[in-house]
Structures are given as structure tokens and as C-alpha cells.
Amino acid sequence: MLRSPFETPQERVDTSPPVADEVKQTTCYMCACRCGINVYLKDGKIRYLEGNADHPVNKGVLCAKGSAGIMQHTSPARLSKPLLRVGERGRGEFKEIEWEEALALAVDWLGTVRRKDPRKLAFFTGRDQSQSLTGWWAAQFGTPNFAAHGGFCSVNMAAAGLYTIGGSFWEFGEPDWEHTRYFMMFGVAEDHDSNPIKAGLGRLKTLGQAKFVSINPVKTGYSAIADEWIGLRPGTDGLFVMALIHELLRAEKVDWAFLGRYTNATWLVIDDPGAEDDGLFVRNSEGAALCWDAKRGAAVPASDVSAQAAVVGRCVLPDGRGAVPSFELLARRYLDPDYAPEAVAERVDIAADTIKRIAAELAEAAFEKEVVLDIPWTDWAGRRHDKMVGRPVSMHAMRGISAHSNGFHTCRAIHLLQVLLGSIDCPGGFGYKAPFPKLIPPGPTPAGKEVAPERPIAGMPLGFPLGPDDLLVDEAGEPLRIDKAYSWDFPLAAHGLMHMVIHNAWAGDPYPVDVLMMYMANMGWNSSMNVQGTLGYLTDKDPVTGDYKIPKVIYSDAYYSEMVPYADLVLPDTTYLERWDCISLLDRPISSAHGPGDAIRQPVCKPDRDVRPFQDVLIDLGGRLGLPGFTEEDGSARYPGGYPDYIANHERSPGIGPLAGWRGAEGTQQGTGTPNPDQLQRYIENGCFWSHKLEPSQLYFKHSNQSYLAYAKKMGWIPVEEPITMQLYSEILQKFRLAARGHGAVQPPESERARIEAYFDPLPIWYPPFEEAAVADDGYDLHAITQRPMHMYHSWGSQNAWLRQITARNRLFVHPETAKRHGIEDEDWVWVISHHGRVKGQVRLMHGVNPNTVWTWNAIGKRRGAWALDQDAPESNRGFLLNHIISELLPAREGGTRYSNSDPVTGQAAWYDLRVRLERCEPAAEALTEPFMEPVKPLPSTAAGSPPVLRYGADLKSPTVPQSDDHLPAKEWIGNRHEVSRTVDGVADGRGNQTAGTGGSERSAKGVA
Ligand code: SF4
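Using the working numbering, the first residue of the sequence shown is number 3, and each one after it goes up by one.
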């Protein structure tokens, strides 16, 4: 019997209990923002997390995810011991083994591959924040088949930025929140873009001096607090931006001075159709690009600051060839009536008048509200400027833009818009974060053309091609990498194609592998397209030999994710509070536009399980395998102290190591310097981070700022103190086109020429997303996309006992008009059907969505048995994954070719190109998602260790406080306003409701208490 609340025994509240006996600082890893945290410990156990007020990223702010790190750290889904598969792959039948046996086995498998053909190791990692180490390990092993998760995340955005402005959004740049007057945000994932963006938007709203416009088919998260929401149709952002450019050009609202000083707008482009250098820049004998000096009537180096460089017109070169400034080509392209707002309005679902108004507002903010700071500075040519004058328009974009098959060009178009407005790295604009800006593109080129047994490859597996000569293809033009990155299929695949590895390895296309090694990548579920197909690839056997087509799978993870049952050897990782980590300038640091920064994680408590940090394991394996970078000349391990030893002592090049702070024997140097044995201690004393504030004169125009460029050179970020010239027109893309036209030593196979010609336009283009184009006539009338809830991160968040209380299942959100058209009502169950398959989910109507689009939260749906959740957890019974109906391959083209469902330039996974139709389910088919796959077998250790109710903190209560076993009745849960769930007569209904508890916080590991 439940008591009335009035009968509940009165609790005696101790208002000032001793919270902890120790506080340690480290870096949060509940998302990618890398906030500083203070961890309160009592008796060695984590009691409480708070934000580190001194930390440059979060300044004390801790979000819901960050606070819930305690439940990540104590998750019943944690792995506890190395595992060796004993049953068939996929069944989850393992035996626990000792680390020595696990490592010996890994060395045997990996060593065999390395002695025969190192390419037969495919090593791919997820969102692990240690890619500088893992990529280097792969290089030392000798395989080019390495990448992290970027290929299925945001490589379009990163590559487009790095090939255009020498920087990018997100980790590489940020808005100048303090001075901006107009902020445009394109399709971000709120779980990734968390505290820093939230703080920035808060600042924007507090200052009240800027308009915030969100461009996103869905009005959730940040879009919900925007001053204006532009709910355009998915995959049309590029067209929208090009229409804005059309309007700005038409009104001549562009920053001519900025274009002339900092971009290649004046560089002359050879106009000689059919010639081998048609479309390349006119260069002198030293290789310097030339412009047309109207004063002298001659072509002169574009770096000649005395020239009166033309931006339009046509000139005749001394050898008789014609040439035009690249801006002329740009203006011709976007002034075309095809890009007029009236011409694109219907396609983008935005009224022409709205597009025109936004363009006018951008122009007004940039040119009528310029920000002038009284800060003198000197540019690269030695010209002194009294003030810093900025065009206060800032932008930010992420995965929503990126994850389309036209994403690379869309991202480039956004950068073009910024550049035309003159709003790059100026007061009020977008600002580079160190180590950016870098050369365009940053070096080096990808390594891996030559592979030999027991030899490292010549450099890092991932890099930035400068032209066809840098592709990783054989003489016949066939791919050298398992994922076909840097092949004619995806020439600028700067982050690889993780989403294709398992398919290609299974198909033996371009060749089979012997060992697939993965880390922190849930490829058995929410990180794969075509989930069931992928599981089929992992379990398929050769009919003749009976062996798995992918012979050996090594997997490391901290949790019992859906991928674990598909591994042969499982190396259990620690949680982020039990490990060292390095958030490095060689990788993705914590810099801001005001200065560089990097950080570490330190272990704040000891693992209570037999687990090891994967980075330690990797370094250990490197030593055991005798990889050159990991062993001394006498064969002993170079980093016997594991990852912290490596962090402090590894030098990627002389004087440059993973951490930039406190370098040199005395710890007095920044950026470069010999290793400092006390470096990690100095980081710990400083709250686990290092940061440096730039001088005021270095704060803006970094691409051209003499003082900043000298600093960047000294820090080892750029090879020479020369300005970084933004590339509106991309000569590199044109080089690929010329190859397709039959020029140069490395040319595409016949079958790829037309594709390269079409998609390697040196100026941004827009084309309908591939899947949409392929199924246009098949009745798939809706776009289907996912969003990430800001209170979760990837699949980790939706197994977290506290975060599950906010969202324990996902709905399909549909606009009421769309629902009406389909005869669907709120709460109906529907089939979401694509050309690849169908999945069942429950509808929730909402107005804040483009009517041609349906959407759902990503990675909430789970497979039964995984993550130590109970078999009837809402996540697995009612939650659903769109991944089931996204194919990793596009429909067949003429000749039967099926390309990857990816951007043709970078190989970025085109998650958001999905087209669907809806069918209402018959009532009998309601209430359970489909596909409703067989549960994976819970691990004995996780099953036994999973209590029915998680009661974190109950044991921390004072024994003098009376405890009651009675729970208050479950109350109606008011979580996300779109997802309010219900209880019936106070009984939890399996829809994600929580129970109120008397001690600490609790959540049923079995779904609902
Ligand atoms: S924003 Fe990310 S890194 Fe920062 S506290 Fe939240 S989860 Fe942690």
C-alpha cells in the first residue's frame, strides 16, 4: 500500500554534509565538447561532478550529459574482462580470458598479417579522440586501411572548409559571439555542439544585438530559440545559399577589399578549352599565381600589393591565350537566373521573398553594421592598419549540411557566402581556432601507395590530395584502400569511409582482409547503414571453406554494445574517468578563436574490473609486434609506461609532441620543445588543460596577420610565414576534371570520367541528392532525417540510467498536414518504407518540421539484450532505428554499378538523403517496433551485475536519515514537450516513465521500475 505523501516519514536534512574527501580535475567525455570537470570523490568513489569554472571551454557549465557521467561510469553494461568468442559469431557466446592470452592472440593474428600483407588489417575507430595515436599506429603497422568515424560524420564540412578557407566550423572555428550582429546556423547536432554553442547563444541572447537565424528542416533544440527558423527541405541548403549569393552579387553587396586582399578572386584562370591547363591558374616560372594589373596592363604576381588587380573582364596573355579572374567565373555562375530566388523557391520550400529578405539582412548586417575595434595590426605584407574592421555576420554548420551526397559543394557554398561578405576571421565574423588557419589544403598527402611486409607506410594514412597524382590507386586506376578512399570513387575522402569497410571486406572489393580491428564504433547497430545486411556480412561464411568471410574481428569497447557479440576477441576498455587521454593540437584540441589550448584526461579512480585503456593496449601491442615507432633499437618497448608515457615523450617531429604546454626540459616552452618529464603533472596542477591567449593584435585576420603567422610558424602549425589565400575557385578540383578529360599521368578509368567531370567543378554546384534522384518516380514522397537530442551523445547516452529518464524511446515526428494527407493521426503506428526496407514506429505530430520531411531521434532504439537493458526496455520494444532502411549502396546505375551511398567527392555517408513513404499500420500490428530482431545473448557478467533498479547514491546517504522502502507513485513525466508520455493510474506504462525514489537517483536497468 502506498502512503499518502502526508504520511511519509519526515526526512532530517543535513544541509551541509561533507561532500567529498578529495576533488580531482579532468575532462568530460560525455560528448565531444571536452569541458573541464571537477570530480568529487569520497572513499575513492565518485560522488559528484561539477564544471570546472576555470576551464576555457565551459567556464564551469556542466550539461545534463556531463552530470550523468556518473551513470556512464557505473553502467551495468560495462565490460569487465577480455572475451574470446566460443559460439557462432553474433550469438554473444564468449569465454572470459586473461589479458596475457588476449594480447598473445592479438599479436598472433596481427603479426601474421603484418608479415604477409599489412593491407589485410583494416583498423577503424569511432569517436575516440585519439586519432593522432591510432593513425600513427596504423602507419607504423604498415596498413593504409585506417580511418576514424569522420567519413560517416562530417567530412564534407571539414574537407570543404580545409580546401576553401583553411579552416572549418566546429573544432576548427567559431562565431565571434561578442561582436556578431547576425548569426546563421545550418543543421547542427545539438548533442555534439553542446556547451560552447549553448553559452554562445546565451551570450547572443543576453547582448540582444544580433539576429539568430536557424536553417534546419526541424525546429528543435537551438532552432526552437532562433529569432527566425527557416524550415527548408533537406538537401537543398546549397541551393538556398547560392540564391543568397545570387542576390548579393546582383546588388553588388560583396566586400571587394576583402576579396582582393585575402582570396583568389583576382587570380587569372586560363581560358583555353581543350588544353591540358584549361581552368588552371596562370602562374609565372616560380609557380606564383598571377593577376591582371589594370594599371600596368600586364599580368603580375597576385601577391604584388602595388597591383590594381582586376576582378572581372578577360585578358590576353603574352602567349595569346585568354584568361579571366576567377571572380568573373564565380559571378557568371551565380548571377545565372537558375540561382534566382524565384527559380529555387519551390525546390527549397522557402518563399522567394524570404530568400531575398535574408540576403538583404545579411548585407545590412555586414555593410551597415560593421564592427570597428581600435586595435592596430600589421598584415603579412607589412602594411599597418590602425583598426580592425569586421563584417559582423557569423555562421555555423554541421552534420545536417554535411550528410548529403551534395554536401561537399554545399559546405563550400556556405564558405563562399562568408568570404563574399568578408566575414572570415574578422570582428563579428567566423574565427579560426588554432592550429587553424592552415595551408589550403593542409598537408600532408595520404600515404599508402607502397605497402610492404613488416614496413611502415611512408606517412599518415589520412591526408589531403593536391591532385590526381596523390590518389591511392593502382596502375589500372583501382582503389588501394579497402574503403576506396582516395580512389576515383571518392578522391578527397580525407576521413575515409568507415561505413563501407564491413561491406567491402565481406565482398572482397577491392580485396578481402584478414583482420578487422575496430574501436568504439557500434557498427553492429546505430553506426551502420543497412544494419541487418551489415550483421549478415559479419556472419557470412565462405561456402567452400566454411570460414567467415571476414576471418577475424578484434573489437574494443567499454560497454556491451550491439557490436560486441560480432567480435571474435573483445578487449574491454575503461570509462573516461579511469584513463589518461590527450586532446591534442595534433588532433582536435580545445582551442578558441582567442588562442590555442589542449587538454588531458587523468584517471580519477581505479577500474574495479579487469579492463585496460585501449590506448595502453595499442601501445603495448605496438611494442609486442615490434612496430618501429613503438620499440627501441634493442627491441624493447619505447613507451613502457603506456599512454601517459607516450603523451609526454612522443615526438611527431623534433620538438613537437601530443601536448603543447610546458614543453622543454624546464617546462618553460609552448608549442615546441623537448619532452618534459613533468609535463602531465603541470597539466594536472592547471586543471588538466593548457591554454594561451593571443595578443590583441593577433586576434583577427589570422590568415594574413604578420604577428599571428609568425606565432603559428613558431608553434609548428604552418611551414612558412606566408598568407593563407582563400580558394573560392578550386584549382585542385579542376585538376581532377582535367584528368577526366584525358590530361595528366593519372587518369580515371573510362567508367569514372563523366562522374569526375560532373562533380569536380571548381566552383560549388548543386544537384539533387543521389537517392532522391534515383527513386524520384517510385512514390517515396517524403524526406526522412534524424536529429540528436542535446541530452545524449551517440549510443552511449541512451543506455545511461539518468538520461534514459528524459528520452527512453523515439517517435516519428510528422507535420499535421502531412499526416492528414496520409490518413495518419497522432499516436498511430506507421511503416516507414524506403527503397531498401521498412521499419515501424509510432507517430507524434508536430508543427515545427518541414511538411515534406519526417524525422526521429537517432540512436535511441536499441537491440534487445545489448547494453544490459532488459528485454522489454522501451528502447528496444518501441524505439526504432532509421538505419534499418538506409542502404549503404545506391540503387544500380546503368551497367549495374552500385556506388556507395556517399558524397562523390569526399565519400561522406549520405545519411540524410533518405526518401520514404508512410503506411499506417493495422491496429493488430501496433505497439511493437519492427524489425524486432532476436535478442543478443546478455553477457553473464553484465546480466548478473545488472540490478533491477539502479540506485546510485543510496549508499551515500547518512545512516541517520530514515529510509523508506515505499516509493511515491510514478508521476506523469513531463520531459521533452513533444514526447510527453503517460501513466495509467500511477502504474508505469513502459513508455519511458520514471519512478520517484527515496534515496539517490534510480532507474530500472530493466527499462521501467
Ligand atoms: S557539453 Fe559535452 S563535454 Fe561539456 S559537460 Fe556536456 S557532455 Fe560534457
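Backbone N, C-alpha and C fix where the C-beta goes; we use that ideal spot for every residue, glycine too.
Inset, instruction - Provide the residue(s) that pair with T1012 in DSSP beta bridges, ordered along the chain. - result: It is not possible to answer for residue 1012, since the shown part of the chain is limited to 3 through 1011.
Inset, instruction - Report all residues for which the CB-ligand distance to some heavy atom of the ligand SF4 is below 6 angstroms; order them along the chain. - result: C30, M32, C33, C35, R36, C37, N60, L64, C65, K67, G68, S196, N197
Inset, instruction - Counting only the same chain and skipping the five closest in sequence on each side, list residues whose C-beta sits under 8 angstroms from that of V63. - result: The residue labelled residue 63 in the question sits at position 61 within the sequence shown. So the list reads C37, G53, N197, K200, A201, once near-sequence residues are dropped.
Legend entry - Which of helix, strand or coil DSSP assigns to Q910: Within the sequence shown, the letter at position 908 stands for residue 910. Reduced to three states, the DSSP call for Q910 is coil.
Inset, instruction - Write down the C-beta distance between V1021 and H886 rounded to the nearest angstrom, noting that I regard them as a contact closer than 8 angstroms. - result: As shown, the chain starts at 3 and ends at 1011. That puts residue 1021 outside it, with no answer to give.
Legend entry - Nearest candidate by alpha-carbon position, reference I232, set A162, D351, N266: Mapped onto the sequence shown, residue 232 falls at position 230. Closest option to I232, Cα to Cα, is D351.
Legend entry - Cβ neighbours of E921 in the same chain (closer than 7 angstroms, five flanking residues each side left out): Here residue 921 is taken as the residue at index 919 of the sequence shown, counted from 1. If we look at E921 and ignore the five residues flanking it on each side, its Cβ neighbours are V832, W833, I835.
Legend entry - Cβ-based neighbour list, L573, same chain, cut-off 8 angstroms, excluding 5 preceding and 5 following: Residue 573 sits at position 571 when you count from the first residue of the sequence shown. Cβ within range, chain order: P84, A104, A108, I556, Y557, S558, R614, F616, V619.
Inset, instruction - Compare the C-alpha of G955 against each of L43, H705, D905, F185 and name the closest. - result: Within the sequence shown, residue 955 is the residue found at index 953, counting from 1. The residue with the shortest Cα to Cα distance from G955 is L43.
Inset, instruction - Look at the alpha carbon of P455 and the alpha carbon of D119, and state the distance between them as a whole number of angstroms. - result: As a working mapping, residue 455 is identified with position 453 in the sequence shown. As a working mapping, residue 119 is identified with position 117 in the sequence shown. Going from the Cα of P455 to the Cα of D119 covers about 5 angstroms.
Inset, instruction - Can you give me the Cβ contacts of A79 inside the same chain, cut-off strictly under 7 angstroms, excluding the 5 residues immediately before and after it? - result: To locate residue 79, count along the sequence shown from 1; it is residue 77. Around A79: Y561, Y562, Q801, W869, A870, T944.
Legend entry - Reduced DSSP secondary structure (H/G/I, E/B, other) of P446: Locating residue 446 in the sequence shown gives position 444, counting from the first residue. Coil at P446, not helix or strand.
Legend entry - Backbone CA spacing between P443 and R263 [nearest angstrom]: For this step, residue 443 is matched to residue 441 along the sequence shown. For this step, residue 263 is matched to residue 261 along the sequence shown. For P443 and R263, the distance between alpha carbons rounds to 19 angstroms.
Legend entry - Beta carbon of T809 nearer than 7 angstroms to that of H417: Here residue 809 refers to the residue found at position 807 when the sequence shown is read from its first residue. Here residue 417 refers to the residue found at position 415 when the sequence shown is read from its first residue. Not a contact, by the Cβ cut-off of 7 angstroms.
Inset, instruction - Quick one: using the 10 Å Cβ neighbour count with 16 as the cut-off for buried, is P58 buried or exposed? - result: Translated into the one-based positions of the sequence shown, residue 58 becomes position 56. P58 comes out buried.
Inset, instruction - Count the CB pairs spanning the stretch 898-912 and the stretch 395-414 that are closer than 8 angstroms, and state whether there are at least three. - result: yes
Inset, instruction - Classify Q534 as buried or exposed, calling it buried when 16 or more other Cβ atoms lie within 10 Å of its own Cβ. - result: Sequence index remark: in the sequence shown, residue 534 carries index 532 (1-based). With fewer than 16 other Cβ atoms within 10 Å, it is exposed.
Legend entry - Cβ-based burial, A304 [other Cβ within 10 Å; buried from 16]: Stepping through the sequence shown from its first residue, residue 304 is reached at position 302. So A304 ends up on the buried side.
Legend entry - Beta-carbon proximity list for E668, same chain, < 8 angstroms, skipping 5 on both sides: Taking the sequence shown and counting its residues from 1, one reaches residue 668 at position 666. Only N678 meet the Cβ criterion.
Inset, instruction - Just list the alpha helix (DSSP H) runs in the stretch 351-385, keeping only unbroken ones of 4 residues or longer that don't cross its boundaries, in chain order. - result: 354-370
Inset, instruction - Take the Cβ of L422 as the centre, count every other Cβ of all protein chains shown within 10 Å, and call the residue buried at 16 or more, exposed below. - result: Counting from one through the sequence shown, the residue named residue 422 turns up at place 420. L422 is buried by the Cβ-count criterion.
Legend entry - Pick from P949, E829, W857 that is closest to E924, judged by C-alpha positions: Along the sequence shown, one-based indexing puts residue 924 at 922. Out of P949, E829, W857, E829 has the C-alpha closest to the C-alpha of E924.
Legend entry - Assigned secondary structure, L884 (DSSP; H/G/I helix, E/B strand, else coil): For the purposes of this step, residue 884 is identified with residue 882 of the sequence shown, where counting begins at 1. If DSSP states are grouped into helix, strand and coil, L884 belongs with the helices.
Legend entry - Coarse secondary structure for P20, derived from DSSP in three states: For the purposes of this step, residue 20 is identified with residue 18 of the sequence shown, where counting begins at 1. Residue state, collapsed to three classes: coil.
Inset, instruction - Compute the Euclidean distance between the alpha carbons of L209 and S308, then round it to the nearest angstrom. - result: The count along the sequence shown starts at 1 and reaches residue 209 at position 207. The count along the sequence shown starts at 1 and reaches residue 308 at position 306. Roughly 41 angstroms separates the two Cα atoms.
Legend entry - Nearest-angstrom Cα separation, counted from W111 out to L814: On the sequence shown, residue 814 is found 812 positions in, with the first residue counted as 1. On the sequence shown, residue 111 is found 109 positions in, with the first residue counted as 1. Roughly 44 angstroms between the two C-alpha positions.
Inset, instruction - Pick helix, strand or coil for G675, following the three-state DSSP scheme. - result: As a working mapping, residue 675 is identified with position 673 in the sequence shown. It is coil, neither helix nor strand.
Legend entry - Pick from G843, L892, W172 that is closest to L883, judged by C-alpha positions: Against the sequence shown, residue 883 aligns to sequence position 881. The shortest Cα separation from L883 among G843, L892, W172 belongs to G843.
Legend entry - For H505, the first and last residue of its enclosing alpha helix (DSSP H): Stepping through the sequence shown from its first residue, residue 505 is reached at position 503. Looking at the DSSP string, the run of the alpha helix (DSSP H) that includes H505 is 500-509.
Legend entry - Buried/exposed call for F934, threshold 16 Cβ in 10 Å: Counted from its first residue, the sequence shown places residue 934 at position 932. Exposed, since its Cβ has fewer than 16 Cβ neighbours within 10 Å.
Legend entry - Rounded distance between the beta-carbons of G624 and D56, thought under 8 angstroms: Taking the first residue of the sequence shown as 1, we reach residue 56 at position 54. Taking the first residue of the sequence shown as 1, we reach residue 624 at position 622. About 35 angstroms; that fails the 8 angstroms criterion.
Legend entry - Pairwise C-alpha distance: Y336 and R252: Residue numbering aside, residue 252 sits at position 250 when the sequence shown is read from its first letter. Residue numbering aside, residue 336 sits at position 334 when the sequence shown is read from its first letter. Cα to Cα, R252 sits roughly 9 angstroms from Y336.
Inset, instruction - Look at the alpha carbon of L587 and the alpha carbon of L661, and state the distance between them as a whole number of angstroms. - result: Your numbering for residue 587 matches position 585 in the sequence shown. Your numbering for residue 661 matches position 659 in the sequence shown. Whole-angstrom Cα-Cα distance: 7 angstroms.
Legend entry - Sub-7 angstroms separation of Y1081 and M244 beta-carbons: Residue numbering for the chain in the displayed model covers 3 to 1011; residue 1081 lies beyond these limits and cannot be assessed.
Inset, instruction - Taking 7 angstroms as the cut-off, decide whether the C-beta atoms of L892 and N879 are in contact. - result: Taking the sequence shown and counting its residues from 1, the one referred to as residue 892 is at position 890. Taking the sequence shown and counting its residues from 1, the one referred to as residue 879 is at position 877. No, these two residues do not count as a Cβ contact at 7 angstroms.
Inset, instruction - Could you name the residues that DSSP lists as bridge partners for E98? - result: Here residue 98 refers to the residue found at position 96 of the sequence shown. L85, per the DSSP bridge assignment.
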